[in-house]
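Before any comments, here is the structure.
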């Protein structure tokens, strides 16, 4: 899979968060329920559509990631893509979280538009980098000099003291990291010590997670000292004392708490709990909007724009939406450098803008044919019988980027810039309803429109698992599914047991076709946790086919089960159609 460097986003700078003009509404509702207060206009509750992709640190897609937006949830497919329609969020604030076993929780805060909101998140691996022991001081240090010194006091999630070894998971994000905007949580929206909304300039972030010997989550019951190296390019501008901010994982923004002192080439501060911590300068802001158009005044989508305040080192990026728009908070009363890039990373326009003392809408920025080549890719996604696909998406792979377009009654389109030296691209289409895919098909851009006609999704997905709980939407698990039989029994799984991340795991002690209960087969999954002999249930399993290696295992299951936490009875039905690996 190609390395995906560019950000799939909507009409905001990820780090320069949009301030909208909708009526303010109480943020503390069931849609998005932050745990701390901030003087920010979140807007009214609205329904919005989202499409996005989750990738690892190499840019490869991650399947079976649990996605949550407001009260809506879903999972990523084999391409790391997710679709959520009609999610209930705030008009100026939507908080997306992505969780999967083996990775740190990823998140993104966006300002949702009325169209299709595109999101990209890069998950960081939850790898233990060191171990300390309760009752005695200890430290863990990364190769770049990031260091945490522990006083030896730890507690469990229920507040009781923890005794034993402590595994430390730790990541440092340097401001120079080209992927920092899709690795870091939320955005750079923050609440100052007096509750004022601020936008931050980061001087480095660190995430620390603590786990007991049994894998249980731990927290500090005392304090810890954190040491963050200062990026060389920021050394001369770094203040002697800088505010510390922790990321509120419930609220979706940063909260000021304490400060760090510059000692040599590091910032050193004391913290009393762990999540993400950030050394950041804060600045007053105004709202800036701009629109990218062609000479015919038509908007250009997927254009990367960078803004760099003259008193800051690193730019923050955004990509224009389908209306060519980008809006965001920028420093007040400062000159900014605006840089526009093509899809190959070449600079096609640079200018100085500002300073701005109040909210500003710039005149349209016109990209001429001499600067860029623009094209619109259009087509129709059809099933084998030529009827339109109503629930699916199309991926466009071009150079080092991947664009994704949702399908509306079969129709899809991409509006993007083309580099003169490269006019080859590929499309992949997916039909969720019928579990069909087109495979990868090669095309060549033409200007101004590339019409690919009907893109037919008529090649069945080779293996899949689907299930439905009560009347909730059907969950499709499509990707690398492991299935086989050994002396230990039959196992079928996708990306681990998924007890909290939406994966799926079935195991049992029989491979002979027939009908069985949970005395033979047991299930684990992110939406139903565990269904087995210890669970009150009526679930039955119909193993209809058990092929040779390379053949298919086919099974259906259905019945009711009682959630042991809530004591609520749910129904579940499912289909397993997977290739036997061993």
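In our numbering, the protein residues as written are 591 to 1172.
By construction, the Cβ of each residue, glycine as well, lies at the ideal position given by its N, Cα and C atoms.
Here residue 963 is near residue 1037, since their CB atoms are less than 8 angstroms apart.
In this chain, the alpha helix (DSSP H) harbouring residue 773 covers 770-773. Along the region 639-692, the beta strand (DSSP E) occurs as fully enclosed runs of 3 or more residues at 656-659, 662-665, 671-680 and 684-689, listed in sequence order. Nearest neighbour of residue 822 by Cα position, chosen from 1009, 871 and 766, turns out to be 766. The three-state reading of DSSP puts residue 826 in helix, counting H, G and I together. The three-state secondary structure of residue 888, taken from DSSP, is coil.
One thing to note: residue 760 has its Cβ within 8 angstroms of the Cβ of residue 796. When C-beta atoms of the region 670-690 are compared with those of the region 626-638, three or more pairs fall below 8 angstroms, so the two segments count as touching. Shown here, residue 799 sits in a strand according to DSSP, grouped into three states.
The residue among 628, 1062, 1169 and 717 with its C-alpha nearest the C-alpha of residue 784 is 628. A Cβ-Cβ contact shorter than 8 angstroms links residue 1030 with residue 1018.
Contact between the region 921-928 and the region 938-951 is present: three or more C-beta pairs spanning the two stretches fall below 8 angstroms. When beta bridges are read from the DSSP output, residue 1136 appears opposite 1143. Annotated three-state conformation of residue 942 is strand, per DSSP. When the alpha-carbon of residue 764 is set against those of 775, 793, 751 and 1015, the nearest one is in 793. In the displayed model, residue 959 falls within coil according to three-state DSSP, outside both helix and strand.
Comparing alpha carbon positions, the residue from 1041, 839 and 1076 closest to residue 697 is 839. No Cβ-Cβ contact shorter than 8 angstroms links residue 947 with residue 861.
It is roughly 24 angstroms from the alpha-carbon of residue 820 to the alpha-carbon of residue 694. Excluding the 5 residues flanking it on each side, residue 881 has same chain C-beta neighbours closer than 6 angstroms at 914, 915 and 954, in chain order.
Bridge partners of residue 698 according to DSSP: 686. Contact check for residue 807 against residue 747 passes: the beta carbons are separated by less than 8 angstroms.
Counting only runs that start and end inside the region 830-859, there is no alpha helix (DSSP H) element of at least 4 residues.
Residue 707 sits buried, since 16 or more C-beta atoms from the chains shown fall within 10 Å of its C-beta. Ranked by Cα distance from residue 724, the first of 703, 700 and 800 is 800. The C-beta distance from residue 1135 to residue 1142 rounds to 6 angstroms, short enough to fall under 8 angstroms. Around the C-beta of residue 1068, 16 or more other C-beta atoms lie within 10 Å, and the residue is accordingly described as buried.
The residue among 1103, 1145 and 1161 with its C-alpha nearest the C-alpha of residue 1127 is 1161. DSSP links residue 1063 through a beta bridge to no other residue.
Under the three-state reduction of DSSP, residue 872 is assigned to strand. Residue 897 is a Cβ neighbour of residue 906, given a cutoff of 8 angstroms.
Counted as a single uninterrupted DSSP element, the beta strand (DSSP E) harbouring residue 1003 occupies residues 1001-1008. A distance below 8 angstroms between beta-carbons, with the five flanking residues on each side excluded, links residue 1023 to the following residues of its chain, in chain order: 979, 980, 981 and 982.
For residue 906, the secondary structure class from DSSP, reduced to helix, strand or coil, is strand. Residue 864 is positioned such that its CB atom lies no closer than 8 angstroms to that of residue 921. Using a Cβ distance threshold of 8 angstroms, residue 1131 and residue 1110 count as a contacting pair.
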